[in-house]
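Everything on this sheet refers to the single structure shown next.
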Amino acid sequence: MPSRKYSLKNSGKYPNNFPGTSDLLGDVYVAENQQMTDRSLLEAYADSGDTECLGILLKRYETSLIRFVSNFLGDEGAAQDIVQETFLKVARRPGKLLGVRSLHNWLLKVARNQSIDHLRRVIRQRRHKENLQQEATRQAAQVETASEKLEQTERSARVRIEINRLRPRLKEVMLLKVQESKSYREIAEITGLTVTNVGYLVHQAMQTLKANLRDLREDS
Numbered sequence: 021m022p023s024r025k026y027s028l029k030n031s032g033k034y035p036n037n038f039p040g041t042s043d044l045l046g047d048v049y050v051a052e053n054q055q056m057t058d059r060s061l062l063e064a065y066a067d068s069g070d071t072e073c074l075g076i077l078l079k080r081y082e083t084s085l086i087r088f089v090s091n092f093l094g095d096e097g098a099a100q101d102i103v104q105e106t107f108l109k110v111a112r113r114p115g116k117l118l119g120v121r122s123l124h125n126w127l128l129k130v131a132r133n134q135s136i137d138h139l140r141r142v143i144r145q146r147r148h149k150e151n152l153q154q155e156a157t158r159q160a161a162q163v164e165t166a167s168e169k170l171e172q173t174e175r176s177a178r179v180r181i182e183i184n185r186l187r188p189r190l191k192e193v194m195l196l197k198v199q200e201s202k203s204y205r206e207i208a209e210i211t212g213l214t215v216t217n218v219g220y221l222v223h224q225a226m227q228t229l230k231a232n233l234r235d236l237r238e239d240s
């Protein structure tokens, strides 16, 4: 999914000089700063309020976060809002993040938690209950439509659909493992599970996918 540049809407919750699309992701984007580590960028922003540093972090991780949340929710519009709020948390407390081992993992964890909150709000607003299979089918159809331009073969599109048909917990660990290339330890850190539980869930998800994709193996 291509990165969609956007300017943050001023709701009064963040400073007016928070990075927007036209200034930080365009002409003011300095090539040398792209090589700075996450910690160096956070330190520079915390010390001087240099929003260019925040803009570099936004550009560095925005695509990954939007991709993960879009596939998790099946709603790109909601994903844009959640990723925006996730980066606002960085803007509000950069100094407190200096001790974080992996900023990317921290961002994924925050976005994941906000995605779960979003789903809970949606469920509460529904007037009738939907079973998990109906929800999975709806999400799979949305992901398939959104992935048509990105997927080069019918095989890869089918795999993506089957991942999204997994029950939520299995789907979550597979997105982090396959799509975001996270280790079991990192997945455990993001989801709050134990490493053992992550390994069990990945194994269970793989067994389910093998069974559902048996026809692809037979055709190959």
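Heads up, the sequence shown is in this note's numbering, so the first residue is 21 and it goes up one at a time.
Glycine included, every Cβ here is placed at the ideal spot set by N, Cα and C.
Cβ-Cβ separation, residue j to residue i (assumed contact under 8 Å), whole Å
i, j, result
"E192", "N125", "Actually they do not touch by this definition, with Cβ atoms about 14 Å apart."
"E200", "S84", "7 Å"
"L118", "L196", "Going by Cβ atoms, the distance from L118 to L196 rounds to 24 Å, so no, they are not a contact pair."
Rounded separation between residue i and residue j - CA only
i, j, result
"Q102", "L233", "A small correction: the amino acid at residue 102 is Ile; Gln does not occupy that position in the sequence shown. Each residue's alpha carbon lies about 32 Å from the other."
"P114", "S122", "14 Å"
"K230", "C73", "44 Å"
"D67", "K79", "20 Å"
"Y65", "Q224", "43 Å"
"D70", "A131", "24 Å"
"L221", "E82", "27 Å"
"V120", "G75", "19 Å"
"D108", "L186", "A small fix is needed here, since residue 108 is Leu in this sequence, not Asp. If you take the alpha carbons of L108 and L186, they lie about 31 Å apart."
"T106", "R180", "26 Å"
"V110", "H138", "20 Å"
"N217", "P188", "15 Å"
"G219", "R178", "24 Å"
"S203", "V215", "9 Å"
Candidates the options: closest to residue i by CA position
i, options, result
"Q227", "G212, L190 and N217", "L190"
"S135", "G97, T57, R175 and N217", "G97"
"R175", "H138, D235 and M194", "D235"
"F88", "S203, G219, G212 and M194", "M194"
"V198", "R187, I183, T211 and P188", "I183"
"Q100", "D137, R112, I86 and L127", "I86"
"K129", "G219, T216, V218 and G212", "G212"
"K116", "N133, V215, R59 and Q104", "R59"
- Item | Three or more C-beta pairs below 8 Å linking the region 89-96 and the region 133-148 | yes
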